[in-house]
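Shown next, in structure tokens, is the structure this report addresses.
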Amino acid sequence: MPNVFTFSDVIHLLPWIVVALFAVLIPVFDVFAKPETGRAYAGYFALIGIGVAFLLNFLQWGDAPASCFSGMLAADAFGMFFNAVVLLAAALTTLLAIGYFQEHGLHRGEFYGLMLMALSGMMLMGMATDLISFFIALELMSIPVYALAAYMRHRNESVEAALKYFLMGAFSTAFMLMGIAFLYGAVGSTGFAEIHKHLSGSGASALSLLGVVFVLIGFTFKTAAVPFHMWTPDVYEGAPTPVTGFMAAAVKAAAFAAFIRVFAVAFEPVKLGAFGWYNIIWILAVLTMTLGNLAALVQDNVKRMLAYSSIAHAGYLLIGFLTITQAKDGNGAASLLFYLLGYAVMNLGAFGVVILFGRNGDENLDLTKGWKGMGAKAPALAVAMTVFMLSLAGIPPTVGFMGKFYIFKSALDQGLVVIAVLGVLNSLISVYYYLRVLVTMYMKPADGENDVQPMASLPVSLAVVASVALVLWLGILPSGALAAAQAAVASLF
Amino acid sequence: MNLQDIHLLSLLTFLPLLGALIIALLPGEEKGMIRLFSMVWTSLIFVLSLGLLAGFRSGTAEMQFVEVMEWIPQFGIGYRVGVDGISLLIIMLTTFLTPIVVLSAFSAVEKGVKGFFFSILFLETGMIGTLVATDVFLFYIFWELMLIPMYFLIGIWGGDKRIYAAVKFFIYTMVGSLLMLVALIYLYVVHGEQFGKTTTDLLELTKTALPVQAQILMFAAFALAFAIKVPMWPFHTWLPDAHTEAPTAGSVILAGVLLKLGTYGFLRFAIPLFPVAAHYAMPILAALAVVGIIYGALVAMVQKDVKRLVAYSSVSHLGFCMLGIAAMNVQALEGSIYQMLNHGISTGALFLIVGVIYERRHTRLISEFGGLSKVIPAFAAFFMITTLSSIGLPGLNGFVGEFMILLGSFRSESLPYAQVFTILASTGVLLGAIYMLWMFQRVMFGEVTNEKNKDLKDLNLREYFVLVPLILMMFFMGLYPNYFLRKMDASVENLVKIYNAKLVARTAGVLPDSPKPMVKLSELERDGRKIVIP
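These protein sequence lines are chains A and B, in that order. At position 107 of the first sequence the residue is numbered 357 (the numbering used here), and the sequence of numbers has no breaks. At position 304 of the second sequence the residue is numbered 411 (the numbering used here), and the sequence of numbers has no breaks.
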């Protein structure tokens with residue numbers, strides 16, 4: 251194995267390089283910009299970077315999978331699929347952020363720099379094939395997101411959210427690192443292929459199993475799965491809304507990308523058996539979706555409700571996770587990929603509407619107050635919100651339904667009838683709280699005291715329209731995205 | 108011009124949606140324009156659907172006007188639509204009722220006119236789509252699609268407890284649908300394993316050989332979804348709330364078409380897909396149907412609110428439909444389908460009549476009325492005919508359906524204790540006459556006791572236009588049922604034939620794990636039909 255990287259490695263990594271370059275350039279530009287000019291330009295500049303990266307990523311789609319940087323990263327369809335998902339999420343987030351910070355103040359260029367920095371980490375997460383490169387990617391993603399959560403620094407909730415996220419995140423990262431150390435101790439290597447060989451060969455040692463469990467703990471934190479979900483509601487509620495959307499859509503997708511590669515590829519041999527991760531995840535999936543859905547039922551704050559809904563969706567995603575390697579045709583993992591794509595779009599769209607329903611000084615997050623009568627006040631936005639809520643609830647013809655259909659189909663393909671039925675009953679519970687949003691908007695008249703008029707913002711509206719279009723398009727004509735997800739999974743094994 | 112070539116079914120399915128989108132683009136203040144447009148558009152769709160009736164060939168049980176397109180090739184999901192004798196008339200009922208409903212809502216709906224007519228047209232797409240889909244996935248999409256506009260119709264334009272009723276309606280229906288979805292996916296997976304090729308084509312899926320145990324569970328899931336929709340006792344509790352709180356137009360569509368999709372689901376999906384399990388379940392279905400008939404009638408009798416009374420009468424009437432299905436012979440099934448149409452016409456008309464009086468008095472309590480026939484004689488006449496149609500007076504439509512169901516189920520060979528069920532069910536006819544006539548008497552006859560009723564206005568021209576088509580239909584269907592029945596003959600006979608053949612195949616041990624014999628071969632042959640084991 252050569253120790254130097256080659257030119258082709260750089261070519262494979264071009265989308266990432268573009269994003270990283272823009273992440274560095276934007277704060278530099280920001281220093282020279284006059285204070286009186288707005289900062290929307292930085293957002294549009296970031297959009298250009300994301301667009302170029304997306305295009306480059308798209309052009310590389312279909313290339314033969316390659317191992318880069320001495321086996322540290324893999325440039326394959328799986329990585330590219332997740333690159334596309336996180337780039338899409340980042341583009342929508344940027345549009346949301348431009349409108350949000352124009353309304354609420356504190357519009358600085360470094361926001362976009364930090365976001366792109368996190369984005370570059372996410373892109374590496376999907377490509378990492380070594381525990382070291384994976385860990386660096388994880389930190390590259392996490393640390394800017396801590397800062398983003400604290401971005402509204404004059405607001406106590408934002409700071410509290412960031413601190414909570416940081417402390418809990420550091421805690422889980424420590425677990426993760428400990429697990430990696432154990433594994434390195436047991437295997438003598440950090441490459442996924444070597445770990446796979448070791449675990450399937452002589453039989454897993456106690457040390458390596460402990461490592462697997464510790465890494466799992468780290469992942470349950472990042473994917474907001476029970477029992478390490480506690481931070482989610484507070485952080486989602488306190489963080490600025492575009493950041494919340496970014497965390498729910500992109501961080502979750504990137505975490506699942508690495509989760510799949512680490513567990514389905516490296517830890518595949520210790521899946522079954524008494525100490526295997528399969529049973530643990532089975533239980534976690536049931537607990538995660540049930541707890542998320544039950545807690546979401548009683549939330550009045552719409553961001554908190556979406557936070558618990560995000561936990562519940564992590565549960566559905568874990569069902570998809572269970573179905574991954576039992577069939578090598580990759581149906582299960584493909585369902586997971588497709589769902590993550592759909593979830594990113596519908597969730598960011600919903601957060602977009604949440605942003606548009608609030609004004610400076612009153613974010614209007616309480617469902618029992620300012621949301622009443624929005625159906626009459628802002629009919630177009632209310633229709634958009636209806637589409638997102640129905641999609642999150644899994645009602646056709648939306649991507650939420652297609653995604654759930656695919657996940658439950660893969661589960662039943664594997665004979666996982668019990669968990670599929672539990673999942674379906676859970677989505678029934680979820681119908682109630684998603685409907686509640688519609689009830690509030692359409693069926694309750696506005697009261698005088700909380701008369702919030704929705705704000706007007708072209709970029710946010712653009713993001714919402716794009717999300718609606720994608721939710722319906724992926725829900726009605728999903729073939730293209732399904733094929734991409736299947737190709738991505740095929741490159742994994 | 109060949110009707111096959113113009114994609115008639117797709118046009119019928121998606122033209123209402125197009126209309127809804129056009130309404131969405133019209134300015135919201137132009138209420139008159141929106142109303143007129145909806146009326147013209149739905150009427151045109153009805154005229155177009157007459158082409159379906161004209162081009163339909165009665166002699167064959169095959170799907171007609173078939174359109175097949177690839178949709179999601181990875182999953183073998185296709186856009187497959189077609190129509191046969193079972194769905195044809197229910198589609199016609201849908202296109203017939205929609206313009207009437209639109210016309211009836213001209214003055215009743217004042218706020219959110221745009222959203223209201225948008226929902227009605229959107230709903231029409233969902234209903235027709237559900238009826239024409241011959242692909243289970245497509246069917247499920249349309250089935251769920253119907254829920255959303257109906258939910259808004261109840262929740263936004265309904266009565267005082269509308270939010271409760273709307274959410275209850277939605278959640279109840281979702282319970283059934285989601286379990287059905289699991290069963291549907293399971294069936295699809297098993298079929299894929301057996302045939303090496305995944306598809307959601309209904310015709311292909313019926314060929315799947317399923318172990319009895321699995322069939323029973325899957326039938327239960329499907330039956331639950333449809334039983335909630337019908338609704339069968341004891342899954343009916345959403346119905347009185349939804350009906351009572353919904354605006355008149357919503358109630359008419361709910362009673363007229365949506366409930367029929369439950370019974371239709373049994374005929375199209377649950378029974379052909381899982382015949383053995385269905386056979387086991389028939390006595391249970393029949394028992395629940397009979398309980399529903401009697402329970403619905405008894406509860407209707409004691410209602411104070413006319414609309415609630417009509418809602419409970421629906422439970423009773425749909426019980427008859429289900430009894431006909433459980434009997435599973437040609438006569439009872441045709442009676443059952445006929446009764447679905449009747450119920451759509453008569454109960455739809457009853458809801459419209461209640462709507463007429465509610466618009467004038469803003470109450471529906473029986474005690475508020477009395478002696479109305481003297482004040483508003485034309486209204487009284489329409490009300491009388493509709494009431495008689497609902498209780499099954501010979502010469503009107505209701506009689507034909509009920510009579511055929513009772514006659515058919517009495518002679519049913521596959522249903523154990525068929526005679527007992529039939530005798531119990533026929534008491535429902537009697538009870539029906541009692542509660543309807545008693546209500547009519549209290550509302551219409553006697554002295555005018557309430558001052559407010561003294562100067563009620565009789566029907567206006569628009570209301571004549573709403574009710575006359577329905578009254579004409581009652582007579583037409585009552586006097587000339589053959590026109591309708593002959594269209595369903597081939598499909599219904601085929602359904603019964605395949606059902607029996609599959610049972611025989613089971614009994615003869617053609618398929619593995621055959622259960623103990625359920626039907627004697629001799630009995631099936633005595634029915635005069637030749638049984639071919641596939």
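We treat Cβ as the ideally placed atom computed from N, Cα and C, and that holds for glycine. Keep in mind it's a predicted model, so treat the numbers as computed, not measured.
- Taking a C-beta cut-off of 9 Å against chain A, the contacting residues of the segment 118-145 of chain B are Ala131 and Gly135, listed in chain order.
- Annotation: the segment 643-702 of chain A contains the following complete segments of the alpha helix (DSSP H) (minimum length 4 residues), in chain order: 649-663 and 667-688.
- With a cut-off of 8 Å on Cβ pairs, the segment 328-343 of chain A is in contact with the segment 495-503 of chain A, counting three or more such pairs.
- Rounded to whole angstroms, the gap between the alpha carbons of Ala454 of chain A and Ser559 of chain A is 36 Å.
- Remark: fewer than three beta-carbon pairs, one from each stretch, lie closer than 8 Å, so the segment 476-487 of chain A and the segment 517-530 of chain A are not flagged as touching.
- In this structure, Ile263 of chain B sits away from Ala272 of chain B, with a CB-CB distance that is not shorter than 7 Å.
- A direct Cα-to-Cα measurement between Met580 of chain B and Gly570 of chain A gives close to 53 Å.
- Cβ-Cβ separation between Met322 of chain A and Asn307 of chain A: approximately 19 Å, too far for a contact (criterion under 8 Å).
- It is roughly 39 Å from the alpha-carbon of Ala127 of chain B to the alpha-carbon of Ala385 of chain B.
- Between Ser165 of chain B and Lys594 of chain B, the C-beta spacing is below 7 Å.
- Nearest to Val633 of chain A by alpha-carbon distance, out of A:Leu457, A:Phe332 and A:Val721, is A:Val721.
- Residues of chain A whose Cβ lies closer than 8 Å to the Cβ of Glu251 of chain B are, in chain order, Ile645, Pro646 and Phe651.
- Any Cβ of chain A closer than 7 Å to the Cβ of Gly262 of chain B would place that residue at the interface, and such an atom is present.
- C-alpha of Val364 of chain B to C-alpha of Thr355 of chain B: approximately 14 Å in a straight line.
- The CB of Met281 of chain B comes closer than 9 Å to the CB of Ala643, Ile645, Ser677, Leu678 and Val681 in chain A, given here in chain order.
- Contact between the segment 474-486 of chain B and the segment 437-457 of chain B is not established, with fewer than three Cβ pairs separated by less than 8 Å.
- Boundaries of the alpha helix (DSSP H) around Arg269 of chain B: Arg269 to Phe302.
- Proximity of Val296 of chain B to chain A, defined by a Cβ-Cβ separation below 7 Å, is satisfied.
- Proximity of Leu285 of chain B to chain A, defined by a Cβ-Cβ separation below 7 Å, is satisfied.
- Linking Gln548 of chain B to Val208 of chain B through their CA atoms gives a straight-line distance of about 27 Å.
- Ser258 of chain A has a beta carbon lying at 7 Å or more from every beta carbon in chain B.
- Against chain A, the beta carbon of Leu288 of chain B has neighbours under 8 Å at Phe655, Phe658 and Val674, listed in chain order.
- For the options A:Glu410, A:Leu642, A:Leu688 and A:Leu466, the alpha carbon positioned closest to that of Tyr258 of chain B is the one of A:Leu688.
- Proximity of Gln181 of chain B to chain A, defined by a Cβ-Cβ separation below 7 Å, is satisfied.
- The continuous beta strand (DSSP E) containing Met176 of chain B extends over residues Gln171 to Ile179.
- Distance from Leu331 of chain B to Gly283 of chain B at the Cβ level is roughly 5 Å; contact confirmed, criterion being Cβ atoms closer than 8 Å.
- Rounded to whole angstroms, the separation of the alpha carbons of Ala737 of chain A and Thr440 of chain A is 27 Å.
- Ile323 of chain B is outside the set of residues whose beta carbon lies under 7 Å from a beta carbon in chain A.
- DSSP links Gly441 of chain A through a beta bridge to A:Asp380.
- Contact annotation: the segment 443-463 of chain A does not touch the segment 357-374 of chain A, with fewer than three C-beta pairs closer than 8 Å.
- For Ala584 of chain A, the CB contacts under 6 Å within the same chain, skipping 5 residues up- and downstream, are Ala735, Gln736 and Val739 in chain order.
- Between the segment 415-427 of chain B and the segment 395-407 of chain B, the count of Cβ pairs shorter than 8 Å is three or higher; the stretches touch.
- For the pair of segments examined, the segment 367-382 of chain A was found not to touch the segment 278-287 of chain A: the number of CB pairs separated by less than 8 Å stays below three.
- Counting the other CB atoms within 10 Å of its CB gives Pro709 of chain A a total of 16 or more, which places it among the buried residues.
- For the segment 504-527 of chain B, there are no residues whose beta carbon sits under 7 Å from a beta carbon of chain A.
- When C-beta atoms of the segment 321-340 of chain B are compared with those of the segment 281-300 of chain B, three or more pairs fall below 8 Å, so the two segments count as touching.
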